[in-house]
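Each remark here refers to the structure printed beneath this line.
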Amino acid sequence: MTTPNKRPNIVLILTDDHASHAISAYGSVVNTTPRIDEIADAGVRVDNCFCTNALCTPSRASILTGTHSHINEVTTLDTPIDASQPTFVSQLKAAGYRTGIVGKWHMGEGEGHDPQSFDYWAVLRGQGEYFDPQILTDDGVHIQPGYVTDIITDLSINWVESLDGDEPWCLLIHHKAPHRAWEPDEKHQGMYANEKIPVPSTFDDDYATRSMAARHATMRVADYLDLNDLKVAPPEGLTPDELALWKYQRYMEDYLACVASVDDNVGRVIDWLRERGDFDDTLVMYTSDQGFFLGDHGWFDKRFMYEESIRMPLVISYPNAISPAKPVEQLVTNVDFAQTILDAVGIDPHERMQGVSFWPQLTGSLEPTQDAIYYRYYENDDQHHHALAHYGIRTDRYKLIYFYNDGMGLPGSSDHIYPPEWEMYDLAEDPEELNNVYHAAAYAEIRDELKVRLWQLQAELGDAPHPSQPAPVGALSAQ
Numbered sequence: 001m002t003t004p005n006k007r008p009n010i011v012l013i014l015t016d017d018h019a020s021h022a023i024s025a026y027g028s029v030v031n032t033t034p035r036i037d038e039i040a041d042a043g044v045r046v047d048n049c050f051c052t053n054a055l056c057t058p059s060r061a062s063i064l065t066g067t068h069s070h071i072n073e074v075t076t077l078d079t080p081i082d083a084s085q086p087t088f089v090s091q092l093k094a095a096g097y098r099t100g101i102v103g104k105w106h107m108g109e110g111e112g113h114d115p116q117s118f119d120y121w122a123v124l125r126g127q128g129e130y131f132d133p134q135i136l137t138d139d140g141v142h143i144q145p146g147y148v149t150d151i152i153t154d155l156s157i158n159w160v161e162s163l164d165g166d167e168p169w170c171l172l173i174h175h176k177a178p179h180r181a182w183e184p185d186e187k188h189q190g191m192y193a194n195e196k197i198p199v200p201s202t203f204d205d206d207y208a209t210r211s212m213a214a215r216h217a218t219m220r221v222a223d224y225l226d227l228n229d230l231k232v233a234p235p236e237g238l239t240p241d242e243l244a245l246w247k248y249q250r251y252m253e254d255y256l257a258c259v260a261s262v263d264d265n266v267g268r269v270i271d272w273l274r275e276r277g278d279f280d281d282t283l284v285m286y287t288s289d290q291g292f293f294l295g296d297h298g299w300f301d302k303r304f305m306y307e308e309s310i311r312m313p314l315v316i317s318y319p320n321a322i323s324p325a326k327p328v329e330q331l332v333t334n335v336d337f338a339q340t341i342l343d344a345v346g347i348d349p350h351e352r353m354q355g356v357s358f359w360p361q362l363t364g365s366l367e368p369t370q371d372a373i374y375y376r377y378y379e380n381d382d383q384h385h386h387a388l389a390h391y392g393i394r395t396d397r398y399k400l401i402y403f404y405n406d407g408m409g410l411p412g413s414s415d416h417i418y419p420p421e422w423e424m425y426d427l428a429e430d431p432e433e434l435n436n437v438y439h440a441a442a443y444a445e446i447r448d449e450l451k452v453r454l455w456q457l458q459a460e461l462g463d464a465p466h467p468s469q470p471a472p473v474g475a476l477s478a479q
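Below is the structure:
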C-alpha cells in the first residue's frame, strides 16, 4: 500500500434487499458471488453493519444524509425526502467532486424530492421495472430498452467516460435488484432450477417465545408469496409442508438469479476501473439498503429488528489506503457511511450529521468507536406486511426491542389490539434469536442496564421514547 497523493474517486454500489448471507464472502451456503468477493479480497469486509430502519426509503435517506430517520424525517416508504438536506454528496460537490447517481432513488419524485447536488442523475421511477425501465432525468422520462441491472451499469460507466478534467468524481450505482418480485434476465433465468437450495434451520420457527408482533406479520413464505412472486402455479397434491418448501425453492431460484446478475455487473465495474487504471485510487463500496429474510424464521421481506433483516453487507476496497485485512467487527450503521466517506477523502462532515466515522477501523485501528446501535421502525400494521412499530438497541452481545405497536393490530377489530411488549436476545448464546429472555430472571440485571442505555441513546440522538415506555429505573441518575 502507498500513501495516497490525490483524493480518491468514489463508487458506492447499493443494491436493494441483498442479504449478506447471500454473499459468499459472508459464508453463503446458497450461492457464490465471486465479483463482490473480489472487493472484499482487495480490501476489508465489515461484519457488523446494520441499518437503523429496515425499509428501502428510510435507509437510503440515512445513507445520504448521515442522520437517523427522526432527523431526516424519512420514516416510512410513504415519506419523501426533502432533497435539499445536507448530504455527503453535497459536501463532496462543494469540495470540487463531480457527482452522479444512477438507478433506484425511491425517495419521492418531483420538485423538492428529485436528486439534488448531483451533476448527473438518471433514476428509476418509484420501485422501477426489471425490463425496459422508465428512467427519469432532469430532461424528463424515457423508457430504456433492456434489463435494468445492465442498464444501470451502462449509464453509470457512460457518465464517467463523458467527464473531462482531473477533478475526482463520486458515482452512486443504485440497483433495483434483488427486490421483489425477483425477475431474472435471460442469461441467469433458471440457473438454480436444478439445485436443491438449503433450507434455513429456522424455517419452521413457531415464534413461541416472541411477542405478538412476530405472529401478526404477514411475511411467511408458506402463506404470503403469491403467483406474481412464484411466476408459475404450484403442483397439485402437495401437503402444506411440501407446498411451503416448493414456494421457498421457487422464491430463492429467482432471488439468487437476480443476485447473480448484480454480481456480474459489479465485475463489469471492477474490470472497467482496472482498465482505466483507477481501481487503486477509487474507494469502492458494495452494500445493500438493508438485509432480507431468505426463509429465515419462515419469512421473506425485512422490517423487523432481527439479525437477517437489519444486517447489511459491506465490503470496501481502496488499495492505495486500505490494506487487505481481517474483517472489521466494529458496530457500524448506515448512518455512519456519510462521515466515513468524507473522512476517507479529508472533507469535514456537515455539523448536522450523526453517527461516527469507521475510517480508522478500515485503515488499521482497533479502537472501538461505538458500543451500541439504535434502531427504529415506524410503520405500524402497514397494508402489506402488518409489521408493528418498534425500536431497540443492539450491543455486541445483546439486543433489546420494544414493540410499542401504537396500541394497534388488525384495523377495525378490537380483538386484535396489542399492548406494548418487550423482547431481549442473548446473541452469544442464541444467535438465531429463538429464545426471548426478556422475562428470564438470570437476565434481569442486564435487561435493566440495556433499558437505561436505550433511554440514553435516544436522548443522545435527539429521539424520544414512545409515550407508552416508562423511564427505566436509574435512567435519570445515569445521565
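In full-length UniProt numbering, the protein residues as written are 1 to 479.
The beta-carbon is built from N, C-alpha and C at its ideal position, and this holds for glycine as well.
Distance between beta carbons of residue j and residue i, contact taken as under 8 Å
i: Arg-35; j: Asp-301; result: With a Cβ gap of about 26 Å, Arg-35 and Asp-301 do not count as contacting.
i: Glu-433; j: Asn-48; result: In fact, because the Cβ distance is near 15 Å, the residues do not count as touching under 8 Å.
i: Pro-198; j: Asp-296; result: Not really, about 12 Å apart at Cβ, beyond 8 Å.
i: Asn-31; j: Leu-256; result: 5 Å
i: Phe-118; j: Gly-100; result: 6 Å
i: Ile-39; j: Val-102; result: Not confirmed; about 19 Å, so no contact.
i: Leu-55; j: Thr-76; result: 7 Å
i: Asp-16; j: Lys-176; result: 6 Å
i: Glu-183; j: Tyr-130; result: 4 Å
i: Val-269; j: Thr-153; result: 6 Å
i: Tyr-306; j: Met-252; result: About 19 Å separates the two Cβ atoms, so there is no contact after all.
i: Ala-181; j: Asp-241; result: Going by Cβ atoms, the distance from Ala-181 to Asp-241 rounds to 24 Å, so no, they are not a contact pair.
Neighbourhood of residue i by C-beta distance below 8 Å, restricted to the same chain and skipping five residues each side
i: Ala-19; result: Ser-288, Gly-291, Phe-292, Phe-293, Leu-294, Glu-308, Arg-311 and Pro-313
i: Glu-167; result: Gly-96, Tyr-97 and Arg-98
i: Leu-450; result: Ile-393, Thr-395, Tyr-398, Leu-400 and Met-424
Classification of residue i by the beta-carbon crowding that lies within 10 angstroms, buried from 16 upward
i: Phe-337; result: buried
i: Pro-411; result: Per-residue confidence for Pro-411 stands at a pLDDT of 47, beneath the threshold of 50, marking its modelled position as unreliable; the derived number appears in the next sentence. Exposed, since its Cβ has fewer than 16 Cβ neighbours within 10 Å.
i: Gln-85; result: buried
i: Asn-194; result: exposed
i: Ile-13; result: buried
i: Ala-478; result: Because the pLDDT of Ala-478 is 47, which lies under 50, any placement of that residue in the model is unreliable, and the number read from its coordinates should be weighed accordingly. That one is exposed.
i: Ala-459; result: exposed
i: Ala-464; result: exposed
i: Lys-104; result: buried
i: Gly-277; result: exposed
i: Val-141; result: exposed
i: Gly-128; result: buried
Counterpart residues of residue i in DSSP-defined beta bridges
i: Thr-15; result: Ser-288
i: Ser-317; result: Val-284
i: Met-424; result: Leu-400
i: Trp-299; result: Arg-220
i: Phe-131; result: Tyr-147
i: Val-102; result: Ala-122 and Ile-173
i: Arg-394; result: Ile-373 and Lys-399
i: Gly-140; result: Thr-137
i: Ile-10; result: Cys-170 and Leu-283
i: Val-29; result: In the DSSP output, where bridge partners are listed per residue, Val-29 has none listed.
i: residue 487; result: In the structure as shown, the chain starts at 1 and stops at 479, and residue 487 therefore has no counterpart that could be examined.
i: Asn-333; result: Before going on, a small fix: residue 333 reads as Thr here, not Asn. Answer is Phe-50, bridged to Thr-333.
6 Å Cβ shell around residue i - same chain, five flanking residues per side excluded
i: Thr-209; result: Asn-435 and Asn-436
i: Thr-333; result: Phe-50, Thr-52 and Ile-373
i: Phe-203; result: Gly-295 and Gly-298
i: Trp-272; result: Ile-157
i: Met-285; result: Leu-12 and Ile-316
i: Asp-132; result: Ile-143 and Pro-145
Under 8 Å between C-beta atoms of residue i and residue j
i: Ala-398; j: Asn-53; result: The displayed chain sequence assigns Tyr, not Ala, to residue 398. Taking 8 Å as the Cβ cut-off, Tyr-398 and Asn-53 do not qualify as a contacting pair.
i: Val-74; j: Ile-63; result: no
i: Asn-405; j: Ala-428; result: no
i: Gln-339; j: Met-353; result: yes
i: Gln-91; j: Pro-368; result: no
i: Ser-365; j: Ala-42; result: no
i: Trp-359; j: Asp-343; result: yes
i: Val-452; j: Pro-467; result: no
i: Leu-362; j: Val-148; result: no
i: His-68; j: Val-335; result: yes
i: Val-46; j: Pro-327; result: yes
i: His-70; j: Gly-462; result: yes
Same chain only: Cβ atoms within 7 Å of residue i, ignoring 5 sequence neighbours per side
i: Asp-385; result: Checking the sequence, you will find His at residue 385 rather than Asp. Closer than 7 Å at the Cβ level, and outside the excluded window around His-385, lie Ala-217, Thr-218, Met-219, Asp-301 and Arg-303.
i: Ser-414; result: For Ser-414, the predicted structure reports a pLDDT of 48, less than 50, and the residue's modelled location is therefore unreliable. A value from the coordinates is still provided. Nothing meets the Cβ criterion.
i: Gln-249; result: Ile-197
i: Tyr-438; result: Trp-422, Glu-423, Met-424 and Arg-447
i: Leu-163; result: Arg-98 and Trp-169
i: Tyr-207; result: Ala-214 and Arg-215
i: Tyr-402; result: His-390, Tyr-391, Gly-392, Pro-420, Trp-422 and Gln-469
i: Ala-22; result: Ser-28, Val-30, Asn-31, Leu-256, Val-259 and Leu-294
i: Gly-126; result: His-106
i: Gly-108; result: Pro-80 and Ile-81
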